[in-house]
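Undergrad: Residue numbers (our numbering): 1266 to 1623.
We treat Cβ as the ideally placed atom computed from N, Cα and C, and that holds for glycine.
Structure below; questions to follow.
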């Protein structure tokens, strides 16, 4: 049975409106499309067909699928990569496996919207799996390829210390660990390590020995202070918008003090460290995915898609989100993007392989 693991609710905006995920996820889609050749390379060089020859069914899971359409691009890349490898070995279509694809996200995800937009010309059997990827989702040894993009940086919860007024890690006046105290950073870091260990332990049980897992993650370049990476600077600017509204009396400062985002963008050396400590996977491929400089309006809308749900839950439906994100867009336009440094805005493609010693 799946683990009853409670995950923080970090819902995106559904539907097809102006601020919906489907209309504001080009940032994520670009990275998934850029990773297509890396997926082909991973399958061509690292995947042994013997791991599923007995079942004749190749099972793929996309974790953090949201409502589409990006998940369909990701899984199609994987299916295409497997077909390409078969063809390169001179095998005919009659020898291809059947494909079963599992799209998974938290329970509140709109799976009806997801299924309604399934590609009609797909060559796989589609399934939805609600639940937190910090716990078990699938039977033991049932998956051959797991994919997750822009998801594992989401923590299962906000570290409890940063919400405790009596804790040295209380994060007063901020919504994130960027430029916060060492105590706040360590609390976030500890939560990240705990969550990644849970994530890897669950996948180790679900992925067959020799199976692959591809992660696309926003990453802090090794040696770069967390406060200088692009995404953390953007979140810090959003925090300043909250404080500006608090000073105007639009929201209470106390409400801002108790609002923190459950996100941690680790440097690769920490990702590699937790993988090695876990001992169930080997790191096979690590590649940087180029990132195009985003436009202020598009990026502020993308941030709204990911954060509107949490913001409404915390501040109430009466809080005017247009005021918040219009202010953020203006701050982006004034100076933020003029100092964009691509080398401090890194997305990594990380390929892990399930090893047989655990």
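Which residues in the same chain as residue 1681 place their Cβ atom closer than 6 Å to its Cβ, once the five residues preceding and following it in sequence are excluded?
TA: No information on residue 1681 is available, as it lies outside the stretch 1266 to 1623 that the chain covers here.
Undergrad: Does DSSP put residue 1330 in a helix, in a strand, or in coil?
TA: DSSP places residue 1330 in coil when its eight states are reduced to three.
Undergrad: At the level of alpha carbons, what is the spacing between residue 1506 and residue 1438?
TA: Their backbone Cα atoms lie some 11 Å apart in a straight line.
Undergrad: Under 8 Å Cβ to Cβ from residue 1463, same chain only, skipping five residues before and after it: list those, please.
TA: Only 1270, 1399, 1400, 1421 meet the Cβ criterion.
Undergrad: Quick one: using the 10 Å Cβ neighbour count with 16 as the cut-off for buried, is residue 1621 buried or exposed?
TA: Label assigned to residue 1621: exposed.
Undergrad: When you compare each of 1327, 1385, 1407, 1544 to residue 1369 by their alpha carbons, which one comes out closest?
TA: With distances taken between Cα atoms, residue 1369 lies closest to 1327.
Undergrad: Less than 7 Å between the C-beta atoms of residue 1596 and residue 1502, yes or no?
TA: It is a contact, given that the beta carbons lie within the stated cut-off.
Undergrad: Measuring straight from C-alpha to C-alpha, what distance separates residue 1604 and residue 1355?
TA: Roughly 51 Å between the two C-alpha positions.
Undergrad: Does the region 1565-1577 come into contact with the region 1539-1550, if we say contact requires no fewer than three beta-carbon pairs (one atom in each stretch) closer than 8 Å?
TA: Too few Cβ pairs lie closer than 8 Å, so no.
Undergrad: Can you tell me which of the three DSSP states residue 1515 falls into?
TA: DSSP places residue 1515 in coil when its eight states are reduced to three.
Undergrad: Report the start-end ranges of each alpha helix (DSSP H) in the region 1414-1500 that is 4 residues or longer and not cut off at the edges.
TA: List check, alpha helix (DSSP H) in window: 1447-1471.
Undergrad: How do the region 1334-1349 and the region 1423-1439 stand: do at least 3 beta-carbon pairs fall below 8 Å, yes or no?
TA: Flag = no, the region 1334-1349 and the region 1423-1439 do not touch.
Undergrad: Counting contacts by CB-CB distance shorter than 7 Å, is residue 1429 in contact with chain B?
TA: The displayed structure is made up of one protein chain only, and chain B is not part of it.
Undergrad: Buried or exposed: residue 1388, going by 16 or more other Cβ atoms within 10 Å of its Cβ?
TA: Exposed, since its Cβ has fewer than 16 Cβ neighbours within 10 Å.
Undergrad: Please classify residue 1612: does DSSP put it in a helix, a strand, or coil?
TA: Here residue 1612 sits in strand by DSSP.
Undergrad: What are the boundary residues of the beta strand (DSSP E) that residue 1371 is part of?
TA: Looking at the DSSP string, residue 1371 is not in any beta strand (DSSP E), and its letter there is neither H nor E.
Undergrad: Entirely within the region 1509-1595 and at least 3 residues each: give me those beta strand (DSSP E) ranges in chain order.
TA: The qualifying runs are 1546-1554.
Undergrad: By Cβ distance, which residues of its chain are closer than 7 Å to residue 1619, with the 5 residues on each side in sequence left out?
TA: Excluding residues within five positions, the ones whose Cβ falls inside 7 Å are 1469, 1472, 1473, 1474, 1475, 1476, 1545, 1546.
Undergrad: If you draw a straight line from the C-alpha of residue 1504 to the C-alpha of residue 1440, how long is it?
TA: Whole-angstrom Cα-Cα distance: 6 Å.
Undergrad: Using the beta-carbon count (16 or more within 10 Å), is residue 1576 buried or exposed?
TA: It is buried - the Cβ of residue 1576 has at least 16 other Cβ atoms within 10 Å.
Undergrad: Roughly how many angstroms lie between the CA atoms of residue 1296 and residue 1588, to the nearest whole one?
TA: In a straight line, the C-alpha of residue 1296 is about 30 Å away from that of residue 1588.
Undergrad: Can you say whether residue 1557 is buried or exposed, counting buried as having 16 or more other CB atoms within 10 angstroms of its CB?
TA: So residue 1557 counts as exposed.
Undergrad: Rank 1456, 1365, 1348, 1410 by C-alpha distance to the C-alpha of residue 1359 and give the top, closest one.
TA: The shortest Cα separation from residue 1359 among 1456, 1365, 1348, 1410 belongs to 1348.
Undergrad: Let me know if residue 1392 comes out buried or exposed under the rule of 16 or more other beta-carbons within 10 Å of its beta-carbon.
TA: Counting Cβ neighbours within 10 Å, residue 1392 comes out exposed, since fewer than 16 surround it.
Undergrad: Which term fits residue 1456, buried or exposed, when burial requires 16 or more other beta carbons within 10 angstroms of its beta carbon?
TA: The residue is buried, with at least 16 neighbouring Cβ atoms inside 10 Å.
Undergrad: Please report the straight-line C-alpha distance between residue 1364 and residue 1553, rounded to a whole angstrom.
TA: When rounded, the distance between both Cα atoms is 29 Å.
Undergrad: Short of 7 Å in beta carbon distance, which residues of its chain neighbour residue 1644, apart from the five on each side in sequence? Order them along the chain.
TA: Since the first residue shown for the chain is 1266 and the last is 1623, residue 1644 is missing from the structure and cannot be characterised.
Undergrad: Between which two residues does the alpha helix (DSSP H) containing residue 1337 stretch?
TA: That run of the alpha helix (DSSP H) goes 1335-1353.
Undergrad: Rounded C-beta distance between residue 1311 and residue 1616? I'm assuming under 8 Å.
TA: About 7 Å; that satisfies the 8 Å criterion.
Undergrad: Have a look at residue 1479 and residue 1408 and give me their C-alpha separation to the nearest angstrom.
TA: Cα to Cα, residue 1479 sits roughly 13 Å from residue 1408.
Undergrad: How long is the line joining the alpha carbons of residue 1548 and residue 1306, rounded to whole angstroms?
TA: Distance between the alpha carbons of residue 1548 and residue 1306: 14 Å.
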